[in-house]
């Protein structure tokens, strides 16, 4: 079973088209193994991206270097998945 | 849980349990609902549609959910919608009138292999589970595999990408089965695909950034559906074409259906916006399903009242 310990989901708000381009460039950095839940396309829609633990520092530095605003949407994805699984099991027993 | 009234719609279920839910609805509403298998997935799982019908040779409305397997709120919503349609027939005048004129086909789990995989191995799995020749990576994005601008912008040619389009249009057996069903039926007048998340109600086009011929009407219907949806809990939806609202994406289902003449082609992106993403808590299943049903109902009423 694939685990997501330490993975964070970041919510990124680009403020101009240049920042959208920076985010699209980030999408191309496959070694970071990013999973874009919503993709960078325009400034009206925030970009949500799942970042593995090993890429967190690089991604946050990249965003900060480019003055791109972000917040942490999910702090530890595995915790949320575990709680979802636990809830399903409890409901099944019920 | 074999009884549709006691089935727990407010939790996420395994594929087997969802199928039990389908069977319970069929069993409890025998004169209205039947289950049809329209094909099998890559790994041999059945693609079951619920058919709601009160007569022969009717025009029909198609609704599917779960083409992207990790979007669990969509399969859960679709199952509840199926139960609601069945219980509303004969009680709700609008649904009764709809089902006296139209059949409704409901595909609750469009990508069953991916759904099982998202339960057992990788909660974040999105694609099918088809092997890709010459690659170690598995799966095709089934919403980039339809024959609508196939291979164009907004889809990947890399089998390792989550938006891999596949080697050719309809190469994904899940897509091929639905496309064959739609073509052979010949009287599908409305097509709705349910996705999550980000609260959008979309219509063609996605593979190109030009407005469809029926833009004004589709936009009006979409806005009316979004308003109905919002009336329950205040959930806000954006409405528009795929390209103008999110981004250019080729090979999508509703572009294909629109281009083959199904004027009323829409895609929902259900909750949420900014807290849980694909991990919407189970406590939100029923509210999401209830509000989505109001939006769906508006679209289905428009299809019913505007024959073409």
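Protein chains in written order, with our numbering: chain A, 206 to 299; chain B, 171 to 478. All residues carry an ideal CB built from backbone N, CA and C; glycine is no exception.
Asked, Found
"The stretch 229–238 of chain B touching the stretch 361–372 of chain B, judged by at least three CB pairs closer than 8 Å", "yes"
"Any C-beta of chain B under 9 Å from that of residue 231 of chain A", "no"
"Near-chain A residues of the stretch 302–323 of chain B - C-beta to any C-beta below 8 Å", "none"
"CB contact check: residue 198 of chain B to chain A, cutoff 9 Å", "no"
"3 or more residues per run - each beta strand (DSSP E) lying fully within the stretch 415–448 of chain B", "434–440"
"For residue 205 of chain B and residue 306 of chain B, the rounded distance between their alpha carbons", "36 Å"
"Residues near residue 181 of chain B by beta carbon distance below 6 Å, same chain, minus five either side", "452"
"Top-ranked residue by Cα proximity to residue 385 of chain B, from B:372, B:448 and B:357", "B:372"
"Neighbourhood of residue 351 of chain B by C-beta, 6 Å cutoff - its chain only, sequence neighbours within 5 removed", "208"
"DSSP three-state assignment for residue 366 of chain B, whether helix, strand or coil", "strand"
"As assigned by DSSP and simplified to three states, the class of residue 278 of chain A", "strand"
"Any C-beta of chain A under 9 Å from that of residue 451 of chain B", "yes"
"Counterpart residues of residue 228 of chain B in DSSP-defined beta bridges", "DSSP lists no partner for residue 228 of chain B."
"Below-9 Å beta-carbon distance, residue 438 of chain B vs any chain A residue", "no"
"Whole-angstrom distance between residue 477 of chain B and residue 398 of chain B, CA atom to CA atom", "22 Å"
"For residue 330 of chain B and residue 171 of chain B, the rounded distance between their alpha carbons", "Low per-residue confidence applies at residue 171 of chain B: pLDDT is 44, beneath 50, and the placement is therefore not dependable enough to give any value."
"Inter-residue Cα distance where the pair is residue 389 of chain B and residue 270 of chain A", "40 Å"
"Residue 250 of chain A at chain B interface by Cβ criterion, 9 Å", "yes"
"Check whether residue 203 of chain B and residue 222 of chain B have beta carbons under 9 Å apart", "yes"
"Contact with chain A by residue 291 of chain B, beta-carbon distance below 9 Å", "yes"
"Closest residue to residue 219 of chain B among B:248, B:301, B:178 and B:410 (Cα-Cα distance)", "B:248"
"Cα-Cα separation between residue 440 of chain B and residue 258 of chain B, rounded to whole angstroms", "22 Å"
"Beta-carbon contacts of residue 406 of chain B that lie in its chain and below 7 Å, excluding the five residues immediately before and after", "369 and 400"
"Neighbour flag for residue 274 of chain A against chain B, beta carbons, 9 Å", "no"
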